[in-house]
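Structure first, then comments.
Numbering (my numbering), first residue to last: 739 to 865.
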């Protein structure tokens, strides 16, 4: 599973991976996996080490969603307490304004519909 065009995501950004590509997972169970766990499988999927500033563009919905970015299924931004501590106050305020039901606690944001996995063993198409 590779994007159709070049795509940069954060190390912790989760990708939707079919279970049959993951060791110790049911074939029919798709899982959200951090990008860092599938990076390094070839020269086109890697963890960058640039010392440059990065601007992230996130899409947020009233509940977690998976959508395709350049053909790669990725998760939408989930404004959980942990995630919101990492963003500037003006962004938090904007989200509260756009999604008033999230106020005052981001902890009430719904959980993703997919199983979340960490440190997986991933099998790419070409293995």
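Note that the Cβ used here is the ideal one computed from N, Cα and C, for glycine as well. Predicted, not measured: the structure shown is a model, and the values here were computed from it.
Examine the Cβ distances between the segment 814 to 824 and the segment 760 to 767 and report whether three or more of them are shorter than 8 Å.
-> no
Going by other Cβ atoms of all chains shown within 10 Å of its Cβ, with 16 needed for buried, is residue 763 buried or exposed?
-> Your numbering for residue 763 matches position 25 in the chain shown. With 16 or more other Cβ atoms within 10 Å, it is buried.
Do you know offhand how far residue 744's Cα is from residue 808's?
-> Working through the chain shown from its first residue, we reach residue 744 at position 6. Working through the chain shown from its first residue, we reach residue 808 at position 70. About 8 Å.
Assign residue 830 to one of three DSSP states: helix, strand, or coil.
-> Here residue 830 corresponds to residue number 92 of the chain shown, with the count starting at 1. In the structure shown, residue 830 sits in a helix (DSSP, three-state: H, G or I).
In whole angstroms, what is the alpha-carbon distance linking residue 750 and residue 774?
-> Your numbering for residue 750 matches position 12 in the chain shown. Your numbering for residue 774 matches position 36 in the chain shown. Going from the Cα of residue 750 to the Cα of residue 774 covers about 6 Å.
Is the CB of residue 764 under 9 Å away from at least one CB in chain D?
-> Any reference to chain D falls outside this structure, which holds one protein chain only.
When you compare only the Cα positions, how much space is there between residue 858 and residue 771?
-> Residue 858 sits at position 120 when you count from the first residue of the chain shown. Residue 771 sits at position 33 when you count from the first residue of the chain shown. Answer to the nearest angstrom: the Cα atoms are 8 Å apart.
Any chance you could list the beta strand (DSSP E) runs of at least 3 consecutive residues sitting entirely within the segment 791 to 831, in chain order?
-> As for any beta strand (DSSP E) of minimum length 3 sitting wholly inside the segment 791 to 831, the runs are 804 to 807, 810 to 813, ordered along the chain.
When the Cα of residue 777 is compared with those of 825, 755, 805, which residue comes out closest?
-> Here residue 777 refers to the residue found at position 39 of the chain shown. Nearest option by C-alpha distance: 755.
Span of the alpha helix (DSSP H) holding residue 743?
-> Position 5 of the chain shown holds residue 743. Segment: none, residue 743 is in no alpha helix (DSSP H) and carries neither H nor E.
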